[in-house]
Structure formats: C-alpha cells, structure tokens
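2 protein chains.
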Amino acid sequence: MRKSFRWALAAVALLSTASFAATPTTPNEVIAAARASEWARFDPASLLVLDLAASRRVVIALASDFAPEHVANIRILARNGWFDRSFVVRVQDNYVVQWGGADDKKPLPPGIKAGLPAEYDRPASGLQLTKLQHRDSFAPVVGLHDAFPVAEAAGRAWAPHCYGMVGVGRDLSPDTGSGAELYAVIGHAPRALDRNIAVVGRVLAGFEHLTSLPRGEGNLGFYTDPKQRVPITRVRLAADMPPAERPAFEWLRPESDSFALWVHLRANRRDSFFIRPAGAVDLCNALPPVRSVPQG
Amino acid sequence: MRKSFRWALAAVALLSTASFAATPTTPNEVIAAARASEWARFDPASLLVLDLAASRRVVIALASDFAPEHVANIRILARNGWFDRSFVVRVQDNYVVQWGGADDKKPLPPGIKAGLPAEYDRPASGLQLTKLQHRDSFAPVVGLHDAFPVAEAAGRAWAPHCYGMVGVGRDLSPDTGSGAELYAVIGHAPRALDRNIAVVGRVLAGFEHLTSLPRGEGNLGFYTDPKQRVPITRVRLAADMPPAERPAFEWLRPESDSFALWVHLRANRRDSFFIRPAGAVDLCNALPPVRSVPQG
Chain X
0 MRKSFRWALA AVALLSTASF AATPTTPNEV IAAARASEWA RFDPASLLVL DLAASRRVVI
60 ALASDFAPEH VANIRILARN GWFDRSFVVR VQDNYVVQWG GADDKKPLPP GIKAGLPAEY
120 DRPASGLQLT KLQHRDSFAP VVGLHDAFPV AEAAGRAWAP HCYGMVGVGR DLSPDTGSGA
180 ELYAVIGHAP RALDRNIAVV GRVLAGFEHL TSLPRGEGNL GFYTDPKQRV PITRVRLAAD
240 MPPAERPAFE WLRPESDSFA LWVHLRANRR DSFFIRPAGA VDLCNALPPV RSVPQG
Chain F
0 MRKSFRWALA AVALLSTASF AATPTTPNEV IAAARASEWA RFDPASLLVL DLAASRRVVI
60 ALASDFAPEH VANIRILARN GWFDRSFVVR VQDNYVVQWG GADDKKPLPP GIKAGLPAEY
120 DRPASGLQLT KLQHRDSFAP VVGLHDAFPV AEAAGRAWAP HCYGMVGVGR DLSPDTGSGA
180 ELYAVIGHAP RALDRNIAVV GRVLAGFEHL TSLPRGEGNL GFYTDPKQRV PITRVRLAAD
240 MPPAERPAFE WLRPESDSFA LWVHLRANRR DSFFIRPAGA VDLCNALPPV RSVPQG
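Top line first, the protein sequences correspond to chains X and F. Number 170 in numbering that gives the first Met the number 0 belongs to position 171 of the first sequence; there are no gaps in the numbering. Number 207 in numbering that gives the first Met the number 0 belongs to position 208 of the second sequence; there are no gaps in the numbering.
This is the structure we're talking about:
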C-alpha cells in the first residue's frame, strides 16, 4: 500500500514544479510567486513570543486594531516577564488551549488596567476590509483586515474565533479579563464565542506545540494534577528581544492580487487530486498566509 | 488569578444544577434531560474499535448510508485483523491524522473489492434529513441524518469533512481508495475535500488519543522516521468483540424534540457566560450528541 505516499508525492511534485512562472495553478504556487510588495511585515511590538521547554517556540501576532486596551495590558505583562514560569493549564479537545493566569499569588505588574472595556467588537469603519464573496453562517459580511479574519454586521466588526485565534479568558462579568489569562482555538471555529470575549491575536508559528498537548481530563479540559501543566519558560515581545533572537514574520496582504488569486484557487482547486472544486471557502480557511523571514 | 477556575466552575455549576426538570436552558442540560426514546443505538457492526497502546481506544461509527462499498471493505479488513499492528503515519496540524495502508508488503485479505465506485456523494432522496436553518458556506441545504452531518445540492447529498469525520485515503485517480488507509479531520473543517473523497465515518470517542499526537515534520505531516509512527494494536468491529469488551454508543436523534432544542440553545446560548448569542450554528458544530452506554 503506497497510497499515502503517492498522495503525498503528488502534492509535493506540484509544489516543487518550476514551471509556474507563468500562472500559478495551486494556492501554494501563488504564495511562492507573490511579489515582495504584496507581503507586509508584522510590527515586532505586536509579536508575542512564547518559549516552552525543549526549544519549542510559539509566535502570536497581537491584534491591536480589535482589542487595543487588552493588547496594551498583554504588552505590559510580557515586558515585565509576568508570563515567565507560567503554565498551560487547560487543553480541551476541539475547543481551546489555555495558559497563564493560574497563580493566585502572583500580583499583576504596575500599569495593568483593571475593568477593561468589553472590546468584543468595534466600529466597522476604520478597518481596511477585503471582503470574501462567500456565505458565512454567522455574519452577512466577512473578510480580512491585515492578517486577521473579520466578520461584520450592522456597522460593527469583530475578529472571529477561527483555528489559531487567541482570546482573553474572563470571569462571568464582561469587565474581568485582564489579559493575564489567554487561550487559543484548537478545533472547528467555536463562533458562539464571537463578540463575547476579547480576541487579541492569531498564532503565526509553532502552534503544533500547543495543539498536540495531552487533553486535560478535568472539567472543561483543565489538567487535574498540577504536574500535568506545561511550563512556559519565557514570554516576550519580539521588539524586546536581542536582534539575533528576534523572529520576524510577514503576511500576504489581503488587498493584493496574489491574495485574491490564492482565495480563488482555495475555492476552486485545480490540483490533480481534486475532481470537484468546492466553489467556496469558509472565512476560517482563508486567513492570510504568513511566512517567517530573516530579521532586518 | 483565579479566573480560569472561576470560568470553569461557573460552567460546572450550570451542568450540575438539579433544577432543570422544568425546561433545560443550556445544551448540556438538554442532553441530560432527553428521553430514552430520543436516543438511538449504533449497530455494533458499524462501530470500528481502534486500540492503541496503553489502553487508548478510539471508536468510529461507520457511515454505510454514504459509502456502502467502502464500508464493506473496511468491515472485511477489520474482520481479518488487517489493521492490527498498523500505524498512524501522518499528523498534519489543522488538517488530518492518517493511519493504515503504509505497508507495501501486506496483501489485502480475500473479498476486498478493488476499483470501488467514487462514493463521494449520493442521491439526496432516501436520507432522513433534519434540516438546519442556518447558512452554510458550501451548500444551499445542510442538516443531519442519523448521527451524521449532511450537505445537499441539486439532488445530491454527502457527509462533509467536519472535525472528527473519517475518510478514505486515495491516489490521484478516484477509484484507488480501498479503505485500507483512513484519515480523520483534526482541524477546522477542510470542506474543499467534500465530494472528492469517500467519507466513511465519524469518531465517537477517544479522538483525543489521535488529535494530541505529535505533528509529523515531513511533507503533509508524514512522520519522517518510522520510529515516530504510532502503533495501532488491534482494530475490530464491536460486533466481533466478546460482549464484555464491546463498547456501545447512542446518538441523540436529530428528528427528536430534544435535538431541536439543543441546536436552538447552541445557537442562542443563555448560559451566564454569554452576553450576545450568535443566533446561528455552523453545521460542523451541530453534529448529534453521542454517549457511551452499557452493553446489552
């Protein structure tokens, strides 16, 4: 039975073909052929870098345009090393992984604001929305702003809970999330959480280090034994790291021609494996591609 | 910082409240209050039981109504112990986990059909479809048939690639999937695969043993070193197991009143945590609830 590898090799052959200087025919070819000007660089002050043991690194882009006050708190926490020696405390299958915030004895650093406003949505105006022309189950308008997914209804906009999106854990009252406790989506988008929590970022790299953690056996996927918690060694903003250690990432601008073609080909696959193109994409499968680039 | 646990406890309190004999107000209360007649038992000949090392068990419901010939092959493979001592060979983040089919030297058992028809969709008539009244990005009509999600367009119906759905790996040609190589979805529904592959089942239990496996570092998430592959000890149909070992499961019938209320409350959460109900559900977040029950 070589089928698995035949399937794999067929796709790899498509990726490695050198003949797409003309017109890319697969989503990955589009990414490879995109012009430098179609990529935009993430601000290092908006890259949150989580280091776990054994050189496992997770990089998150902070979404200041959606939850600026929560992001401001998270920057202060990172700059003060508040998340260092914290833990992943919860992994619930097909839902979320959650970290930080588990230690009652650790006071928040100076400058942290309490009672933040409920930044669960914002005015739609002011975002540079590239609309997707496909139906969404939850909102009449969906699209992309910079590297983030956006849903819009009645003049309000928010970043939906797609796979890899990061939000702020809170208590029952909406003003109780400080940013010291964060979670990321590890399953099919739980869009019921949209507009009920502050969404503050998107995981760009290393998510597999969180998604492959053992699921917790307690209620809601919390680890029942403190020994099961996964240590987070250090959390910093890329801007505060020594240049040599600092990761750098770019996103494919949703307003670019290459992004438009990428979405079109995601909806209308022409790779040899596909027989019947779907004719559509789901917003959460159309987040702008990102890539790691050398610092400088 | 007690927030994580406060959040957890609030939800648990809702679950454990004894006062919902009147009208359930949360999805979990609806499940707890559903009448016995609203549950249906899976046929033991349609439960595929995968045992991994260390007592990890995964149970899959086979979808004979969607891909009968592929399911017939899978039953023959299970009855002949063909999957025993096979491996999980691929784990691609936010996409699929894949097993079986990796050993060129293992001949398929007698009775296995080659060149199966492309059971990628079927006539919509003949399914007992409970429609969902919410938009879908890919199909004009979506709903549930027994324990399975269904999408429908122009008289054809198929089981979409929701989280936990199981499909048959194949080569580029549509007639090349035997059922000896299977995969399950471990991310946001990759609906572009719909109608391009035979969907043969849904994981009912133990999926966390597959979803939490380390992601493969090769192309498409294949493990690069054979030592990384995860052994599958034994695969059997529940019907062929000794009664004492045999798992049994039920699904909440989509045509029941309780299912209708469950979907309504999933779309319109009234739990204290939620401030603004979504007003909708996505098909892949509305798969009929299942539960493990004693054999007998």
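C-beta: ideal position from N, C-alpha, C; glycine also.
Beta-carbon proximity list for residue i, same chain, < 7 Å, skipping 5 on both sides
i                      : result
residue 113 of chain F : 177
residue 82 of chain F  : 76, 99, 231 and 234
residue 126 of chain F : 64, 144, 149 and 156
residue 119 of chain X : 157, 194, 195, 196 and 197
residue 45 of chain F  : 60, 61 and 63
residue 339 of chain X : Residue 339 of chain X falls outside the range modelled here, since chain X spans only 0 to 295, and no answer is possible.
residue 238 of chain F : 43 and 44
residue 66 of chain F  : 118, 197, 198 and 199
residue 245 of chain F : 43, 237 and 294
Pairwise C-alpha distance: residue j and residue i
i                      : j                      : result
residue 69 of chain F  : residue 179 of chain F : 9 Å
residue 228 of chain X : residue 86 of chain X  : 6 Å
residue 249 of chain X : residue 169 of chain F : 35 Å
residue 174 of chain F : residue 268 of chain X : 19 Å
residue 73 of chain X  : residue 187 of chain F : 27 Å
residue 40 of chain F  : residue 123 of chain F : 23 Å
residue 276 of chain F : residue 191 of chain X : 7 Å
residue 134 of chain X : residue 252 of chain X : 22 Å
residue 204 of chain F : residue 272 of chain X : 30 Å
residue 210 of chain X : residue 89 of chain F  : 15 Å
residue 220 of chain F : residue 212 of chain F : 11 Å
residue 27 of chain F  : residue 163 of chain F : 20 Å
residue 38 of chain F  : residue 261 of chain F : 13 Å
residue 281 of chain X : residue 241 of chain F : 44 Å
residue 29 of chain X  : residue 146 of chain X : 17 Å
residue 50 of chain X  : residue 42 of chain X  : 19 Å
residue 302 of chain X : residue 243 of chain F : Limits of chain X in this structure are 0 at one end and 295 at the other, which puts residue 302 of chain X out of reach.
residue 263 of chain F : residue 285 of chain F : 10 Å
residue 111 of chain X : residue 283 of chain F : 38 Å
residue 182 of chain F : residue 202 of chain F : 11 Å
residue 274 of chain X : residue 265 of chain X : 14 Å
residue 53 of chain F  : residue 34 of chain F  : 35 Å
residue 32 of chain X  : residue 287 of chain X : 15 Å
residue 226 of chain X : residue 47 of chain X  : 26 Å
residue 78 of chain X  : residue 257 of chain X : 36 Å
Where residue i sits in the DSSP three-state scheme
i                      : result
residue 262 of chain X : helix
residue 167 of chain F : strand
residue 109 of chain X : coil
residue 69 of chain F  : helix
residue 144 of chain F : strand
residue 29 of chain X  : helix
residue 191 of chain X : helix
residue 39 of chain X  : strand
residue 22 of chain F  : coil
residue 155 of chain F : strand
residue 252 of chain X : coil
Residues sharing a beta bridge with residue i, DSSP
i                      : result
residue 81 of chain F  : Beta-bridge pairing links residue 81 of chain F to no other residue.
residue 55 of chain F  : F:51
residue 231 of chain X : X:51 and X:85
residue 222 of chain F : Answer by DSSP bridge pairing: none, since residue 222 of chain F is not bridged.
residue 236 of chain F : F:47
residue 61 of chain X  : X:200
residue 129 of chain X : X:143
residue 121 of chain X : X:156
Exposed unless 16 or more other CB atoms sit within 10 angstroms - verdict on residue i
i                      : result
residue 207 of chain X : buried
residue 22 of chain F  : exposed
residue 92 of chain F  : buried
residue 172 of chain X : exposed
residue 200 of chain X : buried
residue 166 of chain X : buried
residue 36 of chain F  : exposed
residue 279 of chain F : buried
Nonlocal neighbours in the same chain, by C-beta distance under 8 Å from residue i, ignoring five residues either side
i                      : result
residue 189 of chain F : 94, 95 and 160
residue 216 of chain F : 222 and 223
residue 293 of chain F : 247
residue 139 of chain F : 151 and 152
residue 55 of chain X  : 205 and 208
residue 254 of chain X : 127 and 129
residue 116 of chain X : 68 and 174
residue 136 of chain X : 190
Own chain partners of residue i with C-beta closer than 6 Å, once the 5 adjacent residues on each side are dropped
i                      : result
residue 142 of chain X : 128, 129, 130, 131 and 149
residue 24 of chain F  : 269
May I ask you to list, following chain order, the residues of the region 196 to 223 of chain F that have a beta carbon less than 7 Å from some beta carbon of chain A?
-> Here the protein chains are X and F, and chain A is not one of them.
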